[in-house]
Every structure is written in structure tokens, then in C-alpha cells.
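S.K.: Below is one structure. I have some questions about it.
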Amino acid sequence: MTAVHAFPYEADLLAACRDEPGLFPFLLESAARGGAQGRHDILFVRPDPEMLVLHADGRLTGPHADASAGDFLTALDRWWKAERSPAAMAKRSSAGAGSCISAMNSSGR
28 MTAVHAFPYE ADLLAACRDE PGLFPFLLES AARGGAQGRH DILFVRPDPE
78 MLVLHADGRL TGPHADASAG DFLTALDRWW KAERSPAAMA KRSSAGAGSC
128 ISAMNSSGR
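When we follow my numbering, the leftmost residue of the sequence shown carries the number 28, and every step to the right adds one.
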């Protein structure tokens, strides 16, 4: 289920992360200037307790971390595939649960 809400931070994604780290745990800001690679930042919204984390010391924790030999992208791909399985989708739709990633143009749109 997709939910759309007004973003109360006037496009200051860093302020959102700083003010509400429990809700907005990660911000990926584009480092590229202009062009297709520099247009979007991604603000992750976290409505549930599961999180895949690659720690500074190289440890990987969270869903599918153990089966991925410490490789973040492998774990993320396995988690994504598991969430897309018919059983997982049926479970989410019956429980009304979902997850959200918000992407915003670097200019605030």
C-alpha cells in the first residue's frame, strides 16, 4: 500500500534526518553536479524495525546478511527478491504493512 504525505521540511532532507532519525535513517545525496547523475537525492523512510546496515568496521547486519558473506548489495538483492515473493506480498497486503523510499529532485521537487 502506498501512502503519500506532505513533506514538512521544505526540501531540507538533511534536516529531516537530523530531526527525526528514527523515521528518516538514511539520506543518499548526489555528489555529482548537474546532469542525470546529479538530479536526485534519496531519503529513506523507515516505518518498520528491519534494517540492512553495513557498519564502518565492515560488519553487515540485518535481513539476509548472514547468507551474503558480508556483501551489502548481495544481501539487499536477496532481501528485495524475498519481499517480492508471492508469499511475502500476500502477507504484507493482508497486514496492511509496507515500506517507503522517498526520492526528491536536488532542487526540492
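All C-beta atoms, glycine included, are put in the ideal place defined by N, C-alpha and C.
When the Cα atoms are used, what is the spatial distance from serine 134 to leucine 41?
M.R.: Low confidence applies here, because serine 134 scores a pLDDT of 43, under 50, leaving its location unreliable and the question unanswered by this model.
S.K.: Buried or exposed: leucine 87, going by 16 or more other Cβ atoms within 10 Å of its Cβ?
M.R.: Buried, by the Cβ-count rule.
S.K.: Give every residue of the same chain whose Cβ lies closer than 6 Å to the Cβ of leucine 55, excluding the five residues on either side of it in the sequence, and list them in chain order.
M.R.: Answer for leucine 55: Ile69, listed in chain order.
S.K.: What did DSSP end up calling phenylalanine 99 once you bin it into helix, strand or coil?
M.R.: It is helical.
S.K.: Here's the rule: buried if 16 or more other CB atoms are within 10 angstroms of the residue's CB, otherwise exposed. What is alanine 124?
M.R.: Its pLDDT being 41, under 50, alanine 124 is placed unreliably by the model, and the measurement read from it follows with that caveat. The residue in question, alanine 124, is exposed, as its Cβ has fewer than 16 Cβ neighbours within 10 Å.
S.K.: Considering only C-alpha positions, which residue in the set Asp98, His67, Gly62 and Gly61 is nearest to leucine 79?
M.R.: Ranking Asp98, His67, Gly62 and Gly61 by Cα distance to leucine 79 puts Asp98 first.
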